[in-house]
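Residue numbers (our numbering): 752 to 1179.
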């Protein structure tokens, strides 16, 4: 069979096998014209899965925020502020790990102590060691002024107490030198808005302001402005006066008074001026005080029924105040005894009835007695006042005058001329 014949046979076979449905299809399409067939997609809903994924995502965000805050708090947020006051005043800011964030000087001496040292990132221990070492090297802490104030400010009282004790022990060890031993005052800061305002006003740390306030509560004669210029060593000496401990301040060691004449020298100056022997002295009391703008030794003692009261300049030894008066008990006993005898009883009776001035020594004699006792020449007087008054049932001349930068006050028995009271103070 030829090739052409074979092709014809195959074509005829295919045409018989494949049905002719074209006309049927076209007719069906024509019938469906204008109809909309909606095709729907069948999906499986999973609501719980979506919620879980959302919660997990939120948790991740919150967790990341918490972790970020914790990392920030531990590394960059100020957890504690430590103040070191001598005369140099320095504040150290640390994080929860006791790593230093910043060190600031509050005065020029503080800048000298810090110098070019950079403490950021160092531990608190290393920083405190370096600062104390610099204070010793620059002579801010020495045998003449050996005191330092450590103030700790944190929001956790227990942490403050622990850090306060830790720093006190560490600094006390550093101040045990070959030539002197230091004195450490330490405290935890109590937040007080009015005290903070005073600290800002006078340019001092809140720690020093709190210490001053404690001393004023112990002795109301001081004012805040009076004590601001004093060094921590001077404030420490005042805090030790009277033997009572400040309520919220811990103390280790004793403040040095080697910059002053000393208690023994001050006593001898007072005894020599009073003309008494130390063996005759009773009820001796000596305290460091701050008056007339200087540190003074307050010395009080009794001798033979007389009370003596001295203020001695702690630096120069100058007598700033000298007061003597008859002891009230001694005065009462003497008058009781003399009123029982004949002649003395007559004088007592005359006094109580109002003795005429003719029986008194007179104003001029009272003046001379006072001037001779004070060792003052009449030519050097600037003011003189004399009044007759009654004290303890006895008529006295009250003699007041000024000379040589001092104010003098005397009570002189108007009948006998005895010096009953003597007061000498530096003029304000």
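Where a beta carbon is used, it is the ideal one built from N, C-alpha and C, also for glycine.
Nearest residue (CA-CA) to residue i, options the options
i            : options                   : result
residue 845  : 873, 1066 and 960         : 873
residue 837  : 857, 1009, 799 and 827    : 857
residue 1024 : 1045, 1144, 1171 and 1068 : 1068
residue 1060 : 1122, 1111 and 1176       : 1176
residue 996  : 984, 966 and 1014         : 966
residue 832  : 1032, 889, 906 and 870    : 906
residue 889  : 946, 915 and 861          : 861
residue 878  : 1115, 1032, 1044 and 850  : 850
residue 1003 : 923, 834 and 1066         : 923
residue 1044 : 979, 1058, 992 and 1174   : 979
residue 1055 : 1073, 1041, 1034 and 1070 : 1034
residue 1168 : 1063, 994 and 1111        : 1111
residue 1031 : 867, 855, 1057 and 1037   : 1057
residue 993  : 1008, 1037, 1142 and 808  : 1037
residue 1132 : 882, 1158, 953 and 854    : 1158
residue 983  : 893, 913 and 800          : 893
residue 910  : 848, 1070, 932 and 1066   : 848
residue 749  : 999, 975 and 1063         : Lying outside 752 to 1179, the shown extent of the chain, residue 749 is not represented and no answer is given.
residue 931  : 991, 1008 and 1071        : 1008
6 Å Cβ shell around residue i - same chain, five flanking residues per side excluded
i            : result
residue 1127 : 1154
residue 988  : 1006 and 1039
residue 1172 : 1076 and 1162
residue 960  : 946, 949 and 950
residue 1001 : 937
residue 1174 : 1074 and 1160
residue 1124 : 1170
residue 953  : 979
Which of helix, strand or coil DSSP assigns to residue i
i            : result
residue 1077 : strand
residue 1018 : helix
residue 1135 : strand
residue 995  : coil
residue 799  : helix
residue 844  : strand
residue 987  : helix
residue 868  : coil
residue 1145 : strand
residue 1153 : strand
residue 951  : helix
residue 832  : strand
residue 1049 : strand
residue 813  : helix
C-beta contact flag for residue i and residue j at 9 Å
i            : j           : result
residue 986  : residue 962 : yes
residue 840  : residue 955 : yes
residue 1010 : residue 887 : no
residue 864  : residue 885 : yes
residue 1041 : residue 977 : yes
residue 880  : residue 921 : yes
Contact set for residue i: own chain, Cβ-Cβ below 7 Å, skip 5 residues either direction
i            : result
residue 1150 : 1117, 1118, 1121, 1137, 1161 and 1163
residue 1114 : 1137 and 1148
residue 1139 : 1146, 1148 and 1165
residue 1129 : 1122
residue 882  : 835, 841 and 864
residue 1134 : 1152 and 1153
Spatial neighbours of residue i in its chain, beta-carbon cut-off 8 Å, leaving aside the 5 residues before and after
i            : result
residue 852  : 827, 829, 844, 845, 846 and 871
residue 928  : 887
residue 915  : 901, 903, 937, 938, 939 and 1001
residue 1178 : 1153, 1156, 1157 and 1158
residue 1016 : 1068
residue 1066 : 1010, 1011, 1012, 1045 and 1046
Residue i Cβ short of 8 Å to the ligand HEM heavy atom set
i           : result
residue 891 : For the structure depicted, the ligand HEM is absent and the ligand set is empty, with no information on it obtainable.
At a cut of 8 Å, does the stretch 926 to 938 reach the stretch 902 to 913 through at least three beta carbon pairs?
These segments touch.
For the stretch 1035 to 1052 against the stretch 1012 to 1020, are there 3 or more C-beta pairs whose distance is under 8 Å?
yes
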